[in-house]
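Trainee: Residue numbers (the numbering used here), protein chains in the order written: chain A, 87 to 826; chain B, 11 to 91; chain C, 11 to 91; chain D, 1396 to 1627.
Ideal placement from N, C-alpha and C gives every residue a C-beta, glycine not left out.
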Ligand SMILES: Nc1ncnc2c1ncn2[C@@H]1O[C@H](COP(=O)(O)OP(=O)(O)O)[C@@H](O)[C@H]1O
Ligand SMILES: [Mg+2]
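1) What ranges does the alpha helix (DSSP H) occupy inside the stretch 154-187 of chain A, keeping only unbroken runs of at least 4 residues that lie completely in it?
2) Could you tell me if residue 584(A) is buried or exposed, where buried requires 16 or more neighbouring beta carbons within 10 angstroms of its beta carbon?
3) Compare the C-beta of residue 184(A) against all C-beta atoms of chain B and say whether one is closer than 9 Å.
4) Could you tell me which chain C residues have their CB closer than 7 Å to the CB of residue 1504(D), listed as they occur along the chain?
5) Please decide whether residue 1463(D) counts as near chain B, where near means a Cβ-Cβ distance under 9 Å.
6) DSSP state of residue 1412(D), grouped into three classes?
7) Can you give me the Cβ contacts of residue 227(A) inside the same chain, cut-off strictly under 8 Å, excluding the 5 residues immediately before and after it?
8) Name the residues in the stretch 222-255 of chain A whose C-beta lies less than 8 Å from a C-beta of chain B; which are they?
9) Answer yes or no: does any C-beta atom of chain B fall closer than 9 Å to that of residue 80(C)?
10) Apart from the five residues on each side of it in sequence, which residues of its chain come closer than 6 Å, Cβ to Cβ, to residue 411(A)?
11) Kindly indicate the opening and closing residues of the alpha helix (DSSP H) around residue 323(A).
12) Does any residue of chain B have a CB that is nearer than 9 Å to the CB of residue 1454(D)?
13) For a test of the three-state rule: what should DSSP assign to residue 463(A), helix, strand or coil?
14) Could you name the residues of the stretch 362-391 of chain A whose beta carbon sits closer than 9 Å to any beta carbon of chain B, in the order they occur along the chain?
15) Check residue 241(A) in the structure and name its three-state DSSP category.
16) So, is the C-beta of residue 74(C) closer than 9 Å to a C-beta in chain B?
17) According to DSSP, simplified to helix, strand and coil, what is residue 313(A)?
18) In chain C, which residues lie with their C-beta within 8 Å of the C-beta of residue 1507(D)?
19) Between which two residues does the beta strand (DSSP E) carrying residue 1588(D) extend?
20) What did DSSP end up calling residue 303(A) once you bin it into helix, strand or coil?
21) Can you check which of these residues, 1572(D), 1456(D), 1607(D) and 1467(D), is closest to residue 1415(D) by C-alpha distance?
22) Across which residues does DSSP place residue 46(C) in a beta bridge pair?
23) Per DSSP, what kind of secondary structure is residue 446(A) in: helix, strand or coil?
24) How do the stretch 447-457 of chain A and the stretch 392-404 of chain A stand: do at least 3 beta-carbon pairs fall below 8 Å, yes or no?
25) Flag residue 1444(D) as yes if its beta-carbon sits less than 9 Å from any beta-carbon of chain C, otherwise no.
26) Under 8 Å between beta-carbons, which chain D residues line up against residue 31(B)? List them in chain order, please.
27) Spatial neighbours of residue 31(A) within its chain, please: C-beta separation below 8 Å, excluding the five flanking residues on both sides.
28) By alpha-carbon positions, which one of 376(A), 806(A), 554(A) and 622(A) ends up nearest to residue 438(A)?
29) Run through the stretch 619-686 of chain A for me and flag every whole beta strand (DSSP E) of 3 or more residues, listed as ranges in chain order.
30) With a CB to CB cut of under 7 Å and the five nearest residues on each side skipped, what residues in its chain are close to residue 816(A)?
31) Leaving aside the five residues before and after residue 482(A) along the sequence, list all residues of the same chain whose C-beta is less than 8 Å from its C-beta, in chain order.
32) How is the alpha helix (DSSP H) around residue 468(A) delimited, first residue to last?
33) How long is the line joining the alpha carbons of residue 305(A) and residue 354(A), rounded to whole angstroms?
34) Looking only at its own chain, which residues have a Cβ that is under 6 Å from the Cβ of residue 312(A), when we skip the five neighbours before and after it?
35) Nearest-angstrom Cα distance between residue 26(C) and residue 48(C)?
36) What would DSSP say about residue 1404(D), mapped onto helix, strand or coil?
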């Protein structure tokens, strides 16, 4: 290849001129095509985090409960009694847009591997989804495919999918988000890492054979969409959950023995990133014979083998002398497992093919010298004008019952049962609070403690104010846990943004990370793992920035778990918190008035922390029977949800407000948003203890009314049979999906 | 009139089902099977006998519903009844 | 050598998938489709070229694995390669 | 209540089984029964006196649910055990395997709405003469979860008449009050059939998951009654 050709090829691999020069410097010679391919995937946005790293470093990652922070396949936190929880969230946005079923399925497969490589048995999945408007011609197809794909993979693996979120907005018309999260349980002394230590130790390849799947996958995930992405379609990967189930059981069986040094899944950039990352973490080298890699097709080249993104594969390093034992376990499970190389001590990656060395790369320089950019940031021009809200131009309706019905049946607030009914959410017999509540609650067999899990992000808030929006995401997640009687232990994030080369997008990113970090510090919730997905845009239109937060909380005694639904007629209903509701940035404004504007509500994090603590105490002492945070849709929606989730009981509520004639301010009371605010209900005999506890802790508490039967009455404005509301709420999601 | 549309995975696309069947065949003691790939066949009964109209229907069916162009190929034939 | 086994639901056996496809076709505005039924096609690559041996393999495959005799029929053909 | 440890129950583990542990844990921890796992590649039932084929996705449910699993070596033994009258229970995927093995009549087609369904449902006991229902009153209802994509019970018309006549329908989907109508049919099954048995009554298959309904904490403990019938 001439120098010119080489430059051209580098460019086609998405390497900038500057990056190409750096390669020449590191190697002190021209790279061959294989080496260039390796550089390109290792230095892609997806693998190197080159645009985001500088900001991610600012997030708090430590705490006494943290066993493993960011940098490994998943984060790990201590839950006591020798046990720990490993968890992480990851995006599969672009592949899911191209092929929703397989894209979402393989996304689930990938995040599951991240967790079980740590030695953890996955016990729960969650998914956070963003689609375009319901009436967009592609939306229904995408929702169907994505949900089916998630169901297909998780159900077949036998891991319950217990929660998530699903939000529709036009900004996702050309670029959906599919973020998948897995939570696993691991014995503290059986945690595995992606290490390649010990000269001479065998490097073993296990799992599916390597095919030509997604050869440009890693670089594709960092590319903006344009019309030519249709042509990239043959790179679709097909998920094989059956093989992954065998891989899971075989790996966990192997991990009971003392044969392993390190293990890592082959995710994006497959064999390349797994081998380089393992060696890099250990400061070692690896020599691999690519001819030994199990191949699905004939005529594959070393380039294809190193860049393939075939699913359901793992790379591991075993203790020398135990390779036969390791291979035996995989044979029992009918899986391919082959020794493909060994650990060296010189810090080089040496790849052989049919006896010849075909690539020779220094690992540390390649990994450490990965580019890191401090990309320019600029506040978007429409930021301030977006905050302006001219309410006088809006037409407010005084038919509040109709507005409530409209909202409760809307795409963003209707019941998500259509989704989670397709997910096996009960397998493993741990699910105590099923999807539908603020957070899912899982018991842990043989332990007294349980956990609660949730994922949250208000994308609209983040668009209107990324700093505040990201804080809200952390706040809401922690509040959802507290409403379940759980104390937040740590979070994982999935930062979905547009093209970072645009200063406005980079600004959104920086602000969101700043806000998230600040909230984490104030609430003492460290970030232990995460994922960044950039270039989420089509033809220049970026998505609403979406820093999804996945959070795990600890319930010290599972008997004291909390849930959203009202439990008994006659119970008293209270409001905790006194943040003032506003219509700015609200779901009401977006759905009823079709306006995305206003500044998201300000957030008193200190008050939020106090309310979280209060809820924990209240649940521990069994002073309350339900708790539910007021989020999208405001008080009227939250109150409805407490009634609706009582399901067959069809409990209602009666609360009374003072007479008021100003339609706008009534609308604000009913549908305005503000955090932190929580609805709790308690038995009549516990009222005074509850009030006392609130006083002692400095929590504003207001009696709103009582749980009653059959009707939701918000005097003097709303009186509706809960059964009627139920039908609208229950049918809304599917109705919108099916309407053309 | 009858017609038949056959939909197959593109070559190179992983076919976990085909592989599982192949394994099962091996465990049954059947030897010499190099590959099994699984496709779908749609048997369609149509009112019209106009071949050009049928062709149009089958093309639309195949591209819009039956095959996923990202990973599948299709072919169709009209069967005289 | 190549061979093909086609497996179809017996008549009278409910075919929810075929029905769903038919519905989808209708909602696309395609008219005059009386019925769509979904079957499976197995494309098999074999080492041997001995036709009687192949027949034996295909028969075993079809009856033991590919088709459920309670609800499915099968047919096979050998395709010269 | 009898001594639940007297009987050894074998739970078959196929590649892709995923309710094997749930079944094991419910039996041993919630009922105090004695259970062991039986590996699909073996031919030995290890003197088990009852066999359970658990739920899951044996062989990924590729091709047809249960189609590949019914060829596993252990199934030869299960089939002869069943033919000798030994009690065999197939739950969900296990039910599908039993129909593929033709130990039970009918087939399980994809759900009418072609989607996986996970939900709490109720079934009515139609036959209390099987080893798994003998302590449950005929006509009583049990609340249990379902979780399947292919649970749509189908059988040709004459056969349907025959199995109904022979009392081979053991479980029927119904509402909370025990009335069975199309409204409470989650998956399109003929006659709301949720589970059947063979003529000899010793082989039973059902789509709902009794092993997931053994604790109030998880929403229901009514599934326990199936195992209590077996053990009691
Ligand atoms: N994609 C999904 N997968 C599984 N469960 C979901 C999904 N979307 C929403 N849910 C469930 O529906 C319920 C309501 O979700 P959401 O309105 O986002 O709750 P909140 O506002 O309290 O965070 C939650 O229990 C959630 O877990
Ligand atoms: Mg909530």
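Mentor: For this structure:
1) 179-184
2) buried
3) yes
4) 24 and 26
5) True, the Cβ-Cβ gap to chain B drops below 9 Å.
6) DSSP places residue 1412(D) in strand when its eight states are reduced to three.
7) 186
8) Those residues of the stretch 222-255 of chain A that come within reach of chain B (Cβ to Cβ, closer than 8 Å) do not exist; the list is empty.
9) For residue 80(C), the nearest beta carbon of chain B is not closer than 9 Å to its own beta carbon.
10) Only 345 meet the Cβ criterion.
11) Neither: residue 323(A) is in no alpha helix (DSSP H) and is coded neither H nor E.
12) yes
13) coil
14) 382 and 383
15) helix
16) yes
17) Note that residue 313(A) has pLDDT 44, beneath the 50 cutoff, so the model's placement of it is unreliable and the number below is only indicative. Three-state result, residue 313(A): helix.
18) 26
19) 1588-1592 is the span of the beta strand (DSSP E), which, as asked, contains residue 1588(D).
20) Legend: pLDDT at residue 303(A) = 44, less than 50; position of this residue unreliable, value from coordinates given subsequently. Residue state, collapsed to three classes: helix.
21) 1607(D)
22) 54(B)
23) strand
24) no
25) no
26) 1457, 1458 and 1463
27) Look at the range of chain A in this structure, 87 to 826, and you will see that residue 31(A) is not part of it.
28) 376(A)
29) Within the stretch 619-686 of chain A, the complete beta strand (DSSP E) runs of at least 3 residues fall at 632-641 and 658-662.
30) 501 and 503
31) 749, 750 and 753
32) Counted as a single uninterrupted DSSP element, the stretch harbouring residue 468(A) is not any alpha helix (DSSP H), since DSSP gives it neither H nor E.
33) Because the pLDDT of residue 305(A) is 49, which lies under 50, any placement of that residue in the model is unreliable, and the number read from its coordinates should be weighed accordingly. Computed Cα separation, rounded: 9 Å.
34) Residue confidence is low: residue 312(A) scores 48 on pLDDT, short of 50, so the model does not pin down where it sits. No coordinate-derived value is stated.
35) Spanning the two alpha carbons is a distance of roughly 9 Å.
36) strand
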